[in-house]
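With numbering that gives the first Met the number 0 as the guide, the letters of the sequence shown map in order to residues 0 to 189. All C-beta atoms, glycine included, are put in the ideal place defined by N, C-alpha and C. Take a look at the structure below.
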Amino acid sequence: MSINYTLKTRRLELKPLALSDADALWPYVSNSEISKLMAWDAHQNIETTISFLQGVQKNFDDGKTISWGIHFEGNIIGIFSLISILKSHRSLTFDKAELAYWIGPEFAGKGYMTEAGEAVLHFAFETLGLNKIYVGHHAGNDKSKGLIERLNFKFTHIEEQAFKKHGDWIDVFYYQMLKKEYNQLYKTNI
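As C-alpha cells, this is what we get:
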C-alpha cells in the first residue's frame, strides 16, 4: 500500500519536510524564542538547518519520524511531527509515537496548530494504525499545554528533571491518547 503523506485541512497543507525547505525554515529555527522550548538550540547558520533536515530525512527513511511542514497560503509557518515511532520490537507490538511541534510566533493563537494536530492524529491512528500517541510539554509552556488539552489528550504524569538544557533541569508533563479514545472523540473526516 502506498501512503500519501501530504495532509490537507480546511486552511492548511502539511507536507513532509524536504531539504528544499531549509530557507523557509531558517527564520524560525534560528529564533531563540522558539528553540528555548525545544530539544534543539537556535540554528546559527543555514548549514545547521540543512543538517537538521538531512537527519529528519534519515529518520523518515528508517521509519522513526514523520515531520511535516505546516503550509498556510503556500508558506511554511511551523512543523508538526510524529517522532519515536515504534511499531514493534521482537515479539512485542507497541504501535506508538510521540508528537512534537512548533509554530512561528506570529501565527500562534489562530487555531492552526489544533487544525494540524487533528490531521496528524487522524493520520497516526487511521493510516499508520498506531494505538497510542503521547506528548509532553515543558513546565511553564502554557501554549503547548493548551494545544494538548484542545486535542483531548489525557494527563498521565510529570517526569521531574527529565533533561537538562543550558544548565537547568526541566520537568516535563506527559499526556497520552489511545486509539479507542480517539475513536470516541473524533470523527474520521477532518
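Length of the line joining the Cα atoms of residue i and residue j
| i | j | result |
| --- | --- | --- |
| V192 | W168 | The structure shown does not extend to residue 192, since the chain is modelled only from 0 through 189, so no value can be given for it. |
| K142 | L13 | 21 Å |
| P26 | W39 | 15 Å |
| E97 | L146 | 14 Å |
| S1 | H165 | 42 Å |
| Y185 | F162 | 33 Å |
| A41 | P104 | 15 Å |
| G139 | L52 | 28 Å |
| V171 | V55 | 23 Å |
| L127 | L91 | 17 Å |
| H121 | R149 | 15 Å |
| K57 | E180 | 31 Å |
| I33 | R89 | 38 Å |
| S31 | M37 | 10 Å |
| L16 | I157 | 31 Å |
| L151 | K144 | According to the sequence provided, residue 151 is Asn. The question's Leu does not apply to it. Whole-angstrom Cα-Cα distance: 11 Å. |
| R20 | T113 | It is worth fixing the name first, because residue 20 is Asp in this sequence and not Arg. Spanning the two alpha carbons is a distance of roughly 22 Å. |
| S87 | D61 | 13 Å |
| E125 | G77 | 23 Å |
| F59 | L18 | 13 Å |
For residue i, the nearest candidate out of the options (CA to CA)
| i | options | result |
| --- | --- | --- |
| L177 | A161, T155, K163 | T155 |
| Y100 | Y181, K131, L81, D60 | L81 |
| H136 | G128, E159, E125 | E159 |
| L24 | D60, I102, S87 | I102 |
Contact check, residue i vs residue j, beta carbons under 8 Å
| i | j | result |
| --- | --- | --- |
| Q175 | K153 | yes |
| L11 | A115 | yes |
| Y173 | Y133 | yes |
| F93 | L85 | yes |
| K109 | K131 | no |
| Y4 | I69 | no |
| T8 | A107 | no |
| S83 | K63 | yes |
| L129 | W67 | no |
Residue i beta carbon near the ligand COA (any heavy atom closer than 7 Å)
| i | result |
| --- | --- |
| I147 | No copy of the ligand COA appears in this structure; indeed no ligand is present at all. |
Contact with chain C by residue i, beta-carbon distance below 8 Å
| i | result |
| --- | --- |
| N182 | Included in the structure is just one protein chain, with no chain C present. |
* To do: Could you tell me whether the region 43-51 touches the region 70-78, using the rule of 3 or more Cβ pairs below 8 Å?
  => no
* To do: Write down every uninterrupted run of the alpha helix (DSSP H) in the region 103-171 whose length is 4 residues or greater and which is fully enclosed by it, in chain order.
  => 111-121, 141-149
* **4 or more residues per run - each alpha helix (DSSP H) lying fully within the region 23-106** => 31-34, 45-60
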